[in-house]
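Contents: one structure, followed by commentary.
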Amino acid sequence: MRTIDLIGMALRNLRARPVRSALNALGILLGSQIVLMTLAGTRGAADSLLALVGQAEGMRRIVVMASDAGIEPPAEAIAVDGEQDESRRQAIEQRLRDEWLSSNAVYAPVSAEQLAMMRGLPHVVEVVPERRLSVEFRRGETTWTTFVDSVADSSRQLEEQLIVGRLPRPGATDEVLLSEYAAYRLGGTTRREAELLLGRSFDVRFRREGVPAAGLSHLLYRTGAQVTTDDEALLAESVARLIDRLPEASLSESQRAMLEAIFAPAESESSAATDEPKAPIEPYFERRLTVCGIVELGDDAPGFLQFLTRTAPDVGMNHRGMEPLSEQAEQLVPFRTCFVQVDSIANLAATVRSLEEAGLQVYSNTWLIDDIDRQIGIARWGVIGVASIVLLVTALAISNTLVISVLQRIPEFGIMKSIGASNRQILGMMLFEGGCLGALGAIGAMLLSWPIASVIEGQVQAYIAYRIGSPFDGAVFRTEVGDHLSVIVIALAIGVAASLLPAIRAARLDPIDAMKGG
Amino acid sequence: MIRCRKLTKIYDRTSRRVVALDEVDLDVASGERVALVGRSGSGKSSLLNLLAGLDRPNSGTIEVNGRSLERCSASELAIYRRREIGIVFQAFRLVGHRTAFENVELPLLLDGIDRSERRRRVGEALERVGLEGRSGHRPDELSGGEQQRVALARAIVHRPRLLLADEPTGNLDPSTAERVLDLFDGVAREGNTTLFVITHDPKVAERSSDRLLRLHEGRLASEPDRSSRIRSAEER
Ligand SMILES: Nc1ncnc2c1ncn2[C@@H]1O[C@H](COP(=O)(O)OP(=O)(O)O)[C@@H](O)[C@H]1O
Ligand SMILES: [Mg+2]
Chain A
1 MRTIDLIGMA
11 LRNLRARPVR
21 SALNALGILL
31 GSQIVLMTLA
41 GTRGAADSLL
51 ALVGQAEGMR
61 RIVVMASDAG
71 IEPPAEAIAV
81 DGEQDESRRQ
91 AIEQRLRDEW
101 LSSNAVYAPV
111 SAEQLAMMRG
121 LPHVVEVVPE
131 RRLSVEFRRG
141 ETTWTTFVDS
151 VADSSRQLEE
161 QLIVGRLPRP
171 GATDEVLLSE
181 YAAYRLGGTT
191 RREAELLLGR
201 SFDVRFRREG
211 VPAAGLSHLL
221 YRTGAQVTTD
231 DEALLAESVA
241 RLIDRLPEAS
251 LSESQRAMLE
261 AIFAPAESES
271 SAATDEPKAP
281 IEPYFERRLT
291 VCGIVELGDD
301 APGFLQFLTR
311 TAPDVGMNHR
321 GMEPLSEQAE
331 QLVPFRTCFV
341 QVDSIANLAA
351 TVRSLEEAGL
361 QVYSNTWLID
371 DIDRQIGIAR
381 WGVIGVASIV
391 LLVTALAISN
401 TLVISVLQRI
411 PEFGIMKSIG
421 ASNRQILGMM
431 LFEGGCLGAL
441 GAIGAMLLSW
451 PIASVIEGQV
461 QAYIAYRIGS
471 PFDGAVFRTE
481 VGDHLSVIVI
491 ALAIGVAASL
501 LPAIRAARLD
511 PIDAMKGG
Chain B
1001 MIRCRKLTKI
1011 YDRTSRRVVA
1021 LDEVDLDVAS
1031 GERVALVGRS
1041 GSGKSSLLNL
1051 LAGLDRPNSG
1061 TIEVNGRSLE
1071 RCSASELAIY
1081 RRREIGIVFQ
1091 AFRLVGHRTA
1101 FENVELPLLL
1111 DGIDRSERRR
1121 RVGEALERVG
1131 LEGRSGHRPD
1141 ELSGGEQQRV
1151 ALARAIVHRP
1161 RLLLADEPTG
1171 NLDPSTAERV
1181 LDLFDGVARE
1191 GNTTLFVITH
1201 DPKVAERSSD
1211 RLLRLHEGRL
1221 ASEPDRSSRI
1231 RSAEER
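If you want it as structure tokens, here you go:
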């Protein structure tokens, strides 16, 4: 018998019992629909979740630090005592090294070349060096010492926190953004008074920051001491003077190196490289700054890029505007941290890889994205498991109705056999009927998935938009060609599997008995 | 054409053991038209089913067209039924949801004949039984006689060498039966088809056969008073 005739006969037989065939096809349709929607839905959910997560600037932000490569802890600091097996020894040594590096804060500053390289990477929207300058606001008799931090141009979240005014213009060197607290300190006691600060100018002295004497500060912090900013500044000044005048002291080379490693580790290399004594450092310079905006004092002030800093920043300045100022203070304030803002969450991992390949130390949220992918993957398998059970039940139900159908068709099978249908032909006919049911179900499922998906998508998007308070057009369903293929395969498999037992039953019928009606 | 030796069929399924055919010897020449009569339960259908390869004997040999049916596999028997014989039953046995055309087409479909050839042959067969105008009708839209003519068309559409009929007129009124039997006769003569008809109507048997056989409790006996009518096929 020809395959085409077999299919024709199967379709003809299905058409002879339209209601039952339709119900069976519907069963397969529902089963396949669930599988298709599951595959498409979980993939779409992953996309949406990532899109949602990716809307947060912080998720697309990579923290970059210049590598500490080349700055080696002294051998005695990482010497491992006692007999150890090799892997254990290495693990302990690595920890000792990490510990020494973190407590001695010997991270190299990010170089200008590295900065240029990062800015040249594709998908990088903005590279913001985390510069932090110590400033002194003078208001009448009193002064208020605080920090000025870099503000990114792409800081949309910060913009949303604006109470009044706007963000500093790109490149502006005389505009500052105040936190509500800063506004309070500068005389804006009530919110209305704070708003009056907009457009006001202040004379500000940029001060040398206390942090570079990291070793010394750490020593103090580790004893539990409270160190004020003023103290830090004083200490820094003293240390700088000490370092500057070290060549004058009658110290051996190693003694001098040790002191430098403690008090100015980051600068020890450059001062070692150039034997000439440094020019005296100008600790202060002055500017007149105008308040361009005031932001709400939130739990976090994300745009101020306080990602790794201890204290919440209070005054922001555009990071490009800060560049020339920092240059003046560079020897005092080498910046060690950068923020790389990536255009889309999809390009995060690739950018992280490029940065790592360039030898930079990188901290990012790729782990969270991996985590989302993994969780969605687990969820997908869970739903597919449920769908499989649905499919199994469907197959059993269809098998059952097909068995009943065989019982009703016994005379027909008897006739077919009496006029020369072999057992295999009967089996084939039945399996083809099952296959055709499966194909019909699969086609129906695929056709139906369009309207169903668009309705659900509309609902879900509306709901998400309502929840996040901004329009959301992320995908809820996303299908790949493979999904449709697997649905076809699954539906055909159900149809054929469900008809297998009934088919065997029909094939084994005795023709004479069958003709008489079983 | 047909050659049976010591053909025995015993039904032992139930507690009752029935010897339906008891060492039957039967020879039918090619092109011969044979009628088989006998009381109900005498084993006529059992014999026909064995000849049709629908059932297997308990012992003895059954040879049709040089093929030993008792030694054939199930699939060989299916091919035998599909190609070499045509069967007509008392109860028509048409597939209810298929039209006359589709019913007649079935043997050709099973044999993998292509579409245009099928169409041609089905047309011919339906024309032969005078139902060319009813090809699109389903069995429930046809009279008993018409249904049996469709069944006949289905039995001859693949031009079998042997046409078997089990009381083909049993469900028909006398005048319709007459027409149907005429058709059987004509078909058998035209195609030089061997005809083996079961009937319990002696008049029918006499009219449309070269030879009359009588089964009695599973044993075969030629009807003595009809022996004068027996002519061999070669004489014709
Ligand atoms: N499938 C069967 N199982 C048991 N007994 C049967 C079966 N078919 C026929 N018989 C018995 O075999 C005998 C012959 O039956 P059958 O060949 O149908 O007779 P006929 O066709 O001459 O009426 C009868 O006694 C009948 O009851
Ligand atoms: Mg009978």
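Going down the list, the protein sequences come from chains A and B.
Using this note's numbering, you'd call the opening residue of the first sequence number 1 and step up by one each time.
Using this note's numbering, you'd call the opening residue of the second sequence number 1001 and step up by one each time.
Beta carbons are placed, not taken as given, at the ideal position from N, Cα and C, and that holds for glycine.
Proximal residues to A:L6 (C-beta, below 7 Å), its chain only, five neighbours per side dropped: Only G428, M429 and F432 meet the Cβ criterion.
CB of B:L1212 within 9 Å of CB of B:A1078, strictly: The beta carbons of B:L1212 and B:A1078 sit no closer together than 9 Å.
Local Cβ density within 10 Å of A:T351, reported as buried at 16 or more and exposed below that: By the neighbour-count rule (16 or more Cβ atoms within 10 Å), A:T351 is buried.
Three-way DSSP call (helix, strand, coil) for B:L1164 in this model: DSSP places B:L1164 in strand when its eight states are reduced to three.
B:E1105 CB to nearest heavy atom of ligand 2 below 8 Å: No, since every heavy atom of ligand 2 falls outside the 8 Å radius drawn around the Cβ of B:E1105.
Buried or exposed by the 16-neighbour rule on C-beta atoms within 10 Å, applied to A:E412: It is buried - the Cβ of A:E412 has at least 16 other Cβ atoms within 10 Å.
Cβ-heavy atom distance, A:A25 to ligand 1, below 8 Å: Answer for A:A25: no, Cβ out of range of ligand 1.
Under the three-state DSSP convention, the category B:L1220 falls into: Note: B:L1220 maps to strand in three-state DSSP.
Cut-off 6 Å between Cβ atoms - residues of its own chain near B:V1019, not counting five sequence neighbours on either side: Hits under 6 Å: I1010 and G1218.
Any non-hydrogen atom of ligand 2 closer than 8 Å to B:D1022 Cβ: Because no heavy atom of ligand 2 lies under 8 Å away, the Cβ of B:D1022 does not count as near it: no.
8 Å CB neighbourhood of B:R1082 in its chain, flanking five on each side removed: Once the five neighbours on either side are set aside, the close Cβ partners of B:R1082 are P1107, L1110, D1111 and H1158.
Any non-hydrogen atom of ligand 1 closer than 8 Å to B:S1040 Cβ: Yes, Cβ of B:S1040 sits closer than 8 Å to a heavy atom of ligand 1.
Own chain residues within Cβ distance below 7 Å of A:A379, not counting five before or after: T42.
Identity of the residue in B:L1162, B:G1144 and B:G1186 nearest B:S1175 by Cα: Taking each of B:L1162, B:G1144 and B:G1186 in turn and checking the Cα distance to B:S1175, the smallest one comes out for B:G1144.
Whole alpha helix (DSSP H) elements within the segment 132-159 of chain A, 4-residue minimum: Taking 4 residues as the shortest admissible run, the segment 132-159 of chain A contains no complete alpha helix (DSSP H) segment at all.
C-beta atoms of A:G435 and A:V487 nearer than 9 Å: Contact: no.
Proximity test, B:K1009 beta-carbon vs ligand 2 heavy atom, cut-off 8 Å: Closer than 8 Å to some heavy atom of ligand 2: that does not describe the Cβ of B:K1009.
Sequence ranges, alpha helix (DSSP H) only - wholly within the segment 423-454 of chain A, length at least 4: The segment 423-454 of chain A contains no whole alpha helix (DSSP H) run of 4 or more residues.
A:G414 Cβ short of 8 Å to ligand 1 heavy atom set: Not one heavy atom of ligand 1 sits closer than 8 Å to the Cβ of A:G414.
Interface positions of the segment 362-384 of chain A facing chain B (Cβ-Cβ less than 9 Å), listed along the chain: Within the segment 362-384 of chain A, no residue has a Cβ that lies closer than 9 Å to any Cβ of chain B.
Burial state of B:P1248, where buried means 16 or more other Cβ atoms lie within 10 Å: Nothing about residue 1248 of chain B can be reported from this structure: the residues present for chain B run from 1001 to 1236 only.
Members of the segment 404-425 of chain A near chain B, C-beta cut-off 9 Å: Answer in chain order: P411, E412, G414, I415, M416, K417, S418, I419, G420, A421, S422, N423, R424 and Q425.
Inside the segment 34-78 of chain A only - alpha helix (DSSP H) runs reaching at least 4 residues: Within the segment 34-78 of chain A, complete alpha helix (DSSP H) segments of at least 4 residues are not found at all.
Any non-hydrogen atom of ligand 1 within 8 Å of B:G1043 CB: Remark: the shortest separation between the CB of B:G1043 and any heavy atom of ligand 1 falls under 8 Å.
Bridge partners - B:K1009, DSSP secondary structure assignment: Listed as beta-bridge partners of B:K1009 by DSSP are B:L1021.
Counted within 10 angstroms of its Cβ, other Cβ atoms place A:A79 as buried (16 or more) or exposed: Note on A:A79: under 16 other CB atoms within 10 angstroms of its CB, so exposed under the neighbour-count rule.
Distance, A:M118 Cα to A:T247 Cα: It should be noted that the sequence gives Pro, not Thr, for residue 247 of chain A. A:P247 and A:M118 have their C-alpha atoms roughly 37 Å apart.
beta-carbon B:T1169 near ligand 4 non-hydrogen atom, thresh 8 Å: The model depicted lacks ligand 4 and carries ligand 1 and ligand 2 instead.
Chain A within 9 Å of B:I1112, Cβ atoms only: It should be pointed out that residue 1112 of chain B corresponds to Gly in this sequence rather than to Ile. Answer yes: the Cβ-Cβ gap between B:G1112 and chain A drops below 9 Å somewhere.
Contacts of B:H1137 in chain A (Cβ-Cβ under 9 Å): Simply none; closest approach about 15 Å.
Cβ pair count under 8 Å reaching 3, the segment 235-252 of chain A against the segment 153-161 of chain A: Taking a contact to require three or more Cβ pairs closer than 8 Å, the segment 235-252 of chain A and the segment 153-161 of chain A do not qualify as touching.
Between the CA atoms of B:P1202 and B:R1229 - distance to the nearest angstrom: Note on B:R1229: pLDDT 46, under 50, position unreliable in the model; the coordinate value appears next. Rounded to whole angstroms, B:R1229 to B:P1202 spans 14 Å at the Cα level.
Coarse secondary structure for A:P129, derived from DSSP in three states: In the displayed model, A:P129 falls within a strand according to three-state DSSP.
Span separating the alpha-carbon of A:A387 from that of A:L36: A direct Cα-to-Cα measurement between A:A387 and A:L36 gives close to 10 Å.
Residue closest to A:D153, alpha-carbon to alpha-carbon, out of A:V164, A:T143, A:G171 and A:G382: Nearest in C-alpha terms to A:D153, of all of A:V164, A:T143, A:G171 and A:G382, is A:G171.
A:D300 versus A:I294: straight-line alpha-carbon distance, rounded: Low per-residue confidence applies at A:D300: pLDDT is 49, beneath 50, and the placement is therefore not dependable enough to give any value.
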